[in-house]
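Heads up: the protein sequence lines correspond to chains X and H, in order. Under the working numbering, the residue at position 76 of the first sequence is numbered 76, and the numbers go up by one with no gaps. Here the working numbering runs 112 ahead of the position in the second sequence, where the first position is 1. The structure appears below as structure tokens.
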Amino acid sequence: GENVEQHPSTLSVQEGDSAVIKCTYSDSASNYFPWYKQELGKRPQLIIDIRSNVGEKKDQRIAVTLNKTAKHFSLHITETQPEDSAVYFCAAEGNTGNQFYFGTGTSLTVIP
Amino acid sequence: GAVVSQHPSWVICKSGTSVKIECRSLDFQATTMFWYRQFPKQSLMLMATSNEGSKATYEQGVEKDKFLINHASLTLSTLTVTSAHPEDSSFYICSAVTGAGPQHFGDGTRLSIL
Numbered sequence: 001g002e003n004v005e006q007h008p009s010t011l012s013v014q015e016g017d018s019a020v021i022k023c024t025y026s027d028s029a030s031n032y033f034p035w036y037k038q039e040l041g042k043r044p045q046l047i048i049d050i051r052s053n054v055g056e057k058k059d060q061r062i063a064v065t066l067n068k069t070a071k072h073f074s075l076h077i078t079e080t081q082p083e084d085s086a087v088y089f090c091a092a093e094g095n096t097g098n099q100f101y102f103g104t105g106t107s108l109t110v111i112p
Numbered sequence: 113g114a115v116v117s118q119h120p121s122w123v124i125c126k127s128g129t130s131v132k133i134e135c136r137s138l139d140f141q142a143t144t145m146f147w148y149r150q151f152p153k154q155s156l157m158l159m160a161t162s163n164e165g166s167k168a169t170y171e172q173g174v175e176k177d178k179f180l181i182n183h184a185s186l187t188l189s190t191l192t193v194t195s196a197h198p199e200d201s202s203f204y205i206c207s208a209v210t211g212a213g214p215q216h217f218g219d220g221t222r223l224s225i226l
């Protein structure tokens, strides 16, 4: 299956600063890349996604960029707030469609 | 919309018993459901892909006889952990998708085997 790597594993930022999380994937056939936010003991929540026909997508303070040639994509959170603190997972769709392979997660802490 | 219900949320049982976990899509028909396992502070590991009316596709290294998956309808998939042992203790999460849309996750089931 797809191999997804995610960095960093932990990230601490001051409130108001930006946070960037990066992921790489191995299967060039992957076309869909969602990002999930998971708070402790809760379900992952989709926060943004991108398909391979676009290079960037933005939703208010959250943006995702995709470089298909290099097989990497990144999550950008601007003007971070304490409620952004959570674990963030990137994922890439498998080559047989629908399956997601998740990155190892990034624990983001926003310091007030 | 796109609500996925998972039951039970927490189960504790003795070693050797079998445990069934249900995953239901409440307001949509799920063409495919997925089962994940998540260890503390780790990522979601895909265990199997389940399509309604057909056998589940298991990821490499996942024992199909240990983790029985049934997907009898477009709104229900079940995962049965057979003869559970302490090493099976984990957080199990299902997700459901319709067509090529995003996956919608259940709340997860915390399984503790004594």
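Glycine included, C-beta positions come from ideal geometry on N, C-alpha and C. Since the model is a prediction, treat every value here as computed from it, not as a measurement.
Asked                                                                                    : Found
Supposed contact pair H:S201 and H:L223 - C-beta distance, whole angstroms, cut 8 Å      : 6 Å
Members of the stretch 196 to 226 of chain H near chain A, C-beta cut-off 7 Å            : Among the protein chains in the structure shown, which are X and H, there is no chain A.
Neighbour flag for X:Q60 against chain H, beta carbons, 9 Å                              : no
N- and C-terminal bounds of the beta strand (DSSP E) containing X:P34                    : Y32 to Q38
Spatially closest choice to H:G220 from H:V115, H:A114 and H:P120, by CA coordinates     : H:P120
9 Å Cβ cutoff, X:K42 in contact with chain H                                             : yes
Alpha carbon of X:E2 to alpha carbon of H:I133, nearest angstrom                         : 27 Å
Residue from X:A19, X:N53 and X:E39 with nearest C-alpha to X:S29                        : According to the sequence provided, residue 29 of chain X is Ala. The question's Ser does not apply to it. Closest by alpha carbon: X:N53.
Same chain, Cβ closer than 6 Å to X:T10, five either side skipped, listed in chain order : S107
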